[in-house]
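So the structure is just underneath, and the comments pick up after that.
There are 2 protein chains.
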Amino acid sequence: MLTERQLLILETIIQDYTDVGRPIGSKALERQLPVHVSSATIRNEMSVLERLGLVNKEHSSSGRVPSLKGYRYYVDNLVKPDATDKQTLESIRTSFGSQFFKSDEILAESAQILSEMTNYTAIAFKPESSDVFLQGFRVMPMGKQRVMVILAMSDGTVESQIFNLPKHINGEELEAMVRVINDQVVGLPIAQVVNKLHESIPLLLHYVHQPRGFLDVFGKILDKAAQDQFFIGGKLNLLNFVENGDIDQIKTLYSLIDRYDDINDLIGNSGENIQVKIGNELTNSSLANYSLISATYDVDQHGKGLIALLGPTNMPYSKMIGLLGTLREELASRLLDYYNLYDE
Amino acid sequence: MLTERQLLILETIIQDYTDVGRPIGSKALERQLPVHVSSATIRNEMSVLERLGLVNKEHSSSGRVPSLKGYRYYVDNLVKPDATDKQTLESIRTSFGSQFFKSDEILAESAQILSEMTNYTAIAFKPESSDVFLQGFRVMPMGKQRVMVILAMSDGTVESQIFNLPKHINGEELEAMVRVINDQVVGLPIAQVVNKLHESIPLLLHYVHQPRGFLDVFGKILDKAAQDQFFIGGKLNLLNFVENGDIDQIKTLYSLIDRYDDINDLIGNSGENIQVKIGNELTNSSLANYSLISATYDVDQHGKGLIALLGPTNMPYSKMIGLLGTLREELASRLLDYYNLYDE
DNA sequence: ACTTAGCACTTGGCCTTGTTGAGTGCTAAG
DNA sequence: CTTAGCACTCAACAAGGCCAAGTGCTAAGT
Numbered sequence: 001m002l003t004e005r006q007l008l009i010l011e012t013i014i015q016d017y018t019d020v021g022r023p024i025g026s027k028a029l030e031r032q033l034p035v036h037v038s039s040a041t042i043r044n045e046m047s048v049l050e051r052l053g054l055v056n057k058e059h060s061s062s063g064r065v066p067s068l069k070g071y072r073y074y075v076d077n078l079v080k081p082d083a084t085d086k087q088t089l090e091s092i093r094t095s096f097g098s099q100f101f102k103s104d105e106i107l108a109e110s111a112q113i114l115s116e117m118t119n120y121t122a123i124a125f126k127p128e129s130s131d132v133f134l135q136g137f138r139v140m141p142m143g144k145q146r147v148m149v150i151l152a153m154s155d156g157t158v159e160s161q162i163f164n165l166p167k168h169i170n171g172e173e174l175e176a177m178v179r180v181i182n183d184q185v186v187g188l189p190i191a192q193v194v195n196k197l198h199e200s201i202p203l204l205l206h207y208v209h210q211p212r213g214f215l216d217v218f219g220k221i222l223d224k225a226a227q228d229q230f231f232i233g234g235k236l237n238l239l240n241f242v243e244n245g246d247i248d249q250i251k252t253l254y255s256l257i258d259r260y261d262d263i264n265d266l267i268g269n270s271g272e273n274i275q276v277k278i279g280n281e282l283t284n285s286s287l288a289n290y291s292l293i294s295a296t297y298d299v300d301q302h303g304k305g306l307i308a309l310l311g312p313t314n315m316p317y318s319k320m321i322g323l324l325g326t327l328r329e330e331l332a333s334r335l336l337d338y339y340n341l342y343d344e
Numbered sequence: 001m002l003t004e005r006q007l008l009i010l011e012t013i014i015q016d017y018t019d020v021g022r023p024i025g026s027k028a029l030e031r032q033l034p035v036h037v038s039s040a041t042i043r044n045e046m047s048v049l050e051r052l053g054l055v056n057k058e059h060s061s062s063g064r065v066p067s068l069k070g071y072r073y074y075v076d077n078l079v080k081p082d083a084t085d086k087q088t089l090e091s092i093r094t095s096f097g098s099q100f101f102k103s104d105e106i107l108a109e110s111a112q113i114l115s116e117m118t119n120y121t122a123i124a125f126k127p128e129s130s131d132v133f134l135q136g137f138r139v140m141p142m143g144k145q146r147v148m149v150i151l152a153m154s155d156g157t158v159e160s161q162i163f164n165l166p167k168h169i170n171g172e173e174l175e176a177m178v179r180v181i182n183d184q185v186v187g188l189p190i191a192q193v194v195n196k197l198h199e200s201i202p203l204l205l206h207y208v209h210q211p212r213g214f215l216d217v218f219g220k221i222l223d224k225a226a227q228d229q230f231f232i233g234g235k236l237n238l239l240n241f242v243e244n245g246d247i248d249q250i251k252t253l254y255s256l257i258d259r260y261d262d263i264n265d266l267i268g269n270s271g272e273n274i275q276v277k278i279g280n281e282l283t284n285s286s287l288a289n290y291s292l293i294s295a296t297y298d299v300d301q302h303g304k305g306l307i308a309l310l311g312p313t314n315m316p317y318s319k320m321i322g323l324l325g326t327l328r329e330e331l332a333s334r335l336l337d338y339y340n341l342y343d344e
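Chain order of the listed sequences is A and B.
Quick note on numbering: the first sequence equals residues 1 to 344 in my numbering.
Quick note on numbering: the second sequence equals residues 1 to 344 in my numbering.
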């Protein structure tokens with residue numbers, strides 16, 4: 001167990017390192033600590049902290065730097081979320097603006113706001129789509145033998161795909177088929193749509209010889225919709241924390257952050273309210289200098305989503321955790337407004 | 001006017017610099033030139049080229065490097081497009097795959113192929129959209145007082161927007177209004193759609209008090225469609241030619257290349273078949289180390305488009321110009337197939 | 001038993017100095 | 001016009017010296 005003074009020293013080292021980014025020595029600490037003790041005493045205390053693995057030296061005669069374990073200890077035991085001041089709250093609310101027509105826009109805006117306020121990179125995931133349902137389904141002729149299938153989801157997203165019709169089918173048959181499909185699937189949660197359609201194959205055989213082609217289209221469209229579930233703000237900010245001139249690292253980071261699977265892996269949501277992953281706790285080794293704070297948000301019966309902030313390991317955790325806490329509430333309330341408007 | 005030998009030396013300097021990226025000295029040239037002359041002679045010739053501004057020294061006793069003027073001279077007078085060999089052509093064709101359903105996909109694929117073959121960054125612009133017309137127009141109810149408007153273009157793109165209905169309007173009135181609008185604008189080139197609708201305002205007043213809201217939606221959607229007219233492949237390759245560790249330059253480049261206006265400025269199409277812009281001929285100073293080769297492609301009555309390649313100033317111009325020439329023909333032919341399929 | 005002053009030691013960063021290799025311009029002879 | 005020879009230049013690199021900030025340890029003070 002650490003003494004009060006050791007806790008204080010650890011905390012001060014972390015805060016100072018956050019500010020200046022250079023190792024902190026005993027004399028510098030002597031000046032900063034609220035209680036006065038000599039630098040020699042501080043040196044003794046620091047060597048205890050070092051033995052515990054909470055701080056490191058960069059070389060044998062350098063000052064101390066928080067270790068990942070030190071950050072972990074700090075985040076688990078010492079950090080207290082900063083209360084978000086009124087001005088910040090106000091500025092979040094004005095940034096959000098007044099009215100949204102698509103839930104995607106709300107998410108994208110959240111990521112944007114978060115990245116602008118922090119100068120880090122923000123990621124916003126849509127609420128689990130279990131309650132997004134198929135709002136409508138239209139077919140539009142494109143030339144003689146081709147049609148465009150348009151699917152609209154209840155969250156305002158639209159997916160479309162063109163494909164060729166079998167030769168024998170004519171306009172009326174198509175109309176009839178569309179009506180059948182409409183009856184079967186409109187209003188269903190998107191995850192169920194493809195299953196339901198598979199059940200209806202016997203019915204569809206009246207109209208098309210190979211209904212699988214049709215079903216593939218649905219499958220493909222819905223897959224795509226499921227992939228498009230996150231929004232990123234401040235991608236460029238990632239670059240601020242790359243070791244100088246390491247182009248390869250930049251490339252790795254950029255290809256990482258564009259892919260849904262990788263991002264998803266990265267966050268590996270444990271279901272906790274607010275979760276902090278530090279340095280090597282992130283799966284990808286290019287992210288050794290980064291930490292990720294993620295927070296779930298809750299839109300009542302519409303499911304849970306997640307927002308996350310990716311910044312340097314030495315970010316000001318109290319401030320960021322506080323901010324993320326505020327933003328998730330604002331985001332949830334916007335989404336709730338959105339859904340309520342829609343339910344009426 | 002340059003002598004044969006001077007031309008040969010200039011050309012060799014450029015080719016060698018393309019390979020190794022370091023200044024070329026008289027002895028190195030002595031080894032490489034097809035005709036044998038002593039290094040002293042070469043030194044004399046090089047000092048002539050330097051007086052003409054075609055080559056530079058990096059410092060008083062370094063070898064020579066082609067100047068931008070040198071590249072310009074080379075591109076204007078010496079370069080001959082390499083014939084694309086059969087293997088390359090074959091690999092372009094297989095990369096294109098067999099079938100596309102949206103013209104956007106063809107463009108995106110072109111940019112992708114071009115960037116992969118060159119390891120540079122490729123940009124593909126859609127043909128001028130003058131002959132893209134509004135294929136269809138659908139309205140889909142979303143809850144009680146909101147509808148989603150979906151516009152499908154003849155090139156397979158779809159735009160959608162949700163908006164609130166005025167309170168007094170009911171389903172039947174909406175249907176009627178949709179029919180009116182459909183009659184007026186479906187089949188028109190998108191540029192004319194908004195104008196035509198403005199003419200129809202008196203007609204629309206039967207159904208809505210403020211038809212402008214409706215028209216804004218169209219305007220906004222069509223604007224968006226006009227903006228989305230380019231595709232980029234190999235963005236990350238830009239990083240390969242950044243001076244080591246200049247994070248700021250990276251940021252500038254990245255924000256440049258995401259914006260339609262900037263890209264458009266950059267290319268500033270002169271209408272020439274193939275056009276090369278070198279270093280400071282590009283408007284943006286972050287691109288001093290880059291050259292841009294652009295080529296128009298021609299899809300007969302469907303208009304002209306443009307593909308471009310952004311790489312380092314010391315790229316192998318002959319090879320790249322040859323490749324771009326081939327790719328533009330392949331691209332044009334794909335697009336032509338696409339349109340013909342559609343026109344049938 | 002804890003705290004502190006003092007001291008010898010370590011290290012990265014910065015500056016200076018020397019060396020080397022590739023290159024240059026110039027001169028004089030072929 | 002071409003070429004060999006020579007004195008000179010410069011970037012890149014390595015080696016050495018110095019400094020500031022820091023450390024661990026010891027011995028004395030409370």
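Where is the CB? At the ideal position from N, CA and C, for every residue including glycine.
Rounded to whole angstroms, the Cβ separation of I263 of chain B and F230 of chain B is 6 angstroms, and the two are in contact under 8 angstroms. Nearest CB-CB separation between S160 of chain B and chain A: below the 9 angstroms threshold. Taking C-beta separations shorter than 8 angstroms and ignoring five residues to either side along the sequence, the partners of S160 of chain B in its chain run M148, V149, I150, L151 and I221, following chain order.
Taking 9 angstroms as the threshold, the shortest C-beta distance from S286 of chain B to chain A does not fall below it. With respect to L266 of chain B, I250 of chain B sits apart: the two C-beta atoms are not nearer than 9 angstroms.
Setting aside the 5 residues that flank it on each side, K27 of chain B is surrounded in the same chain by S39, each with a C-beta closer than 8 angstroms to its C-beta; the list follows chain order. Ranked by Cα distance from Q145 of chain A, the options A:L204, A:N164, A:L282 and A:A83 are led by A:N164. Within the segment 271–332 of chain A, complete beta strand (DSSP E) segments of at least 3 residues are found at 274–278, 290–298 and 304–312, given in chain order.
Contact between D104 of chain B and T157 of chain B holds, with the beta-carbon distance rounding to 6 angstroms and staying under 8 angstroms.
Closest in alpha carbon position to K57 of chain B, among B:D298, B:L310, B:I24 and B:Q184, is B:I24. For the pair L256 of chain B and S286 of chain B, the CB atoms are nearer than the 9 angstroms cut-off.
CA-to-CA, the gap between V193 of chain A and F241 of chain B works out to about 48 angstroms. When C-beta atoms of the segment 294–302 of chain B are compared with those of the segment 121–137 of chain B, three or more pairs fall below 8 angstroms, so the two segments count as touching. For E159 of chain B, the secondary structure class from DSSP, reduced to helix, strand or coil, is strand. Contact between I232 of chain B and P81 of chain B does not hold, since the beta-carbon distance rounds to 24 angstroms and is not under 8 angstroms.
When DSSP states are grouped into helix, strand and coil, K57 of chain B belongs to the strand group.
For G187 of chain B, the secondary structure class from DSSP, reduced to helix, strand or coil, is coil. Among the residues of chain B, those whose CB is under 7 angstroms from the CB of L239 of chain A are I247, I250 and K251, following chain order. Interface flag for V132 of chain B against chain A is unset, since no Cβ pair is found closer than 9 angstroms. Going by DSSP, T121 of chain B is part of the beta strand (DSSP E) stretching over T121 to F125. For I201 of chain B, the closest alpha carbon among the candidates B:L188, B:G187, B:D216 and B:K86 is that of B:D216.
When the alpha-carbon of V79 of chain A is set against those of A:T118, A:A308 and A:V276, the nearest one is in A:V276. For M320 of chain B, no chain A residue has a Cβ inside 9 angstroms of its Cβ, as the nearest lies near 22 angstroms away. Taking the Cβ atoms as the reference, V139 of chain B lies roughly 7 angstroms from L174 of chain B, within the contact range of under 8 angstroms. Cα atoms of T41 of chain A and E11 of chain A: separation of roughly 17 angstroms, rounded to the nearest angstrom.
Your pair T84 of chain B and T326 of chain B checks out as a contact, with CB atoms roughly 4 angstroms apart and the cut at 8 angstroms. H59 of chain A and Q32 of chain A have their C-alpha atoms some 23 angstroms from each other.
Going by C-alpha positions, E243 of chain B is about 20 angstroms away from D16 of chain B.
Take G70 of chain B, set aside five residues on each side of it, and the residues of its chain with a beta-carbon closer than 6 angstroms to its own are L54 and V55, in chain order. Note: V149 of chain A is bridge-paired with A:V139 and A:Q161 in the DSSP secondary-structure output.
The Cβ atoms of F218 of chain B and V186 of chain B do not sit closer than 9 angstroms to each other.
Across the segment 135–155 of chain B, CB contacts with chain A closer than 8 angstroms involve Q135, G136, R138, M140, P141, M142, G143, K144, Q145, R146, M148, I150, A152 and S154, in sequence order along the chain.
Residues of chain B whose Cβ lies closer than 7 angstroms to the Cβ of Y254 of chain A are, in chain order, L236. Per DSSP, reduced to three states, the secondary structure at R22 of chain B is coil, with no helix or strand assignment. V75 of chain B is classed as buried because its beta carbon has at least 16 other beta carbons within 10 Å across all chains shown. In the DSSP assignment, I232 of chain B falls within the beta strand (DSSP E) that extends over F230 to G233.
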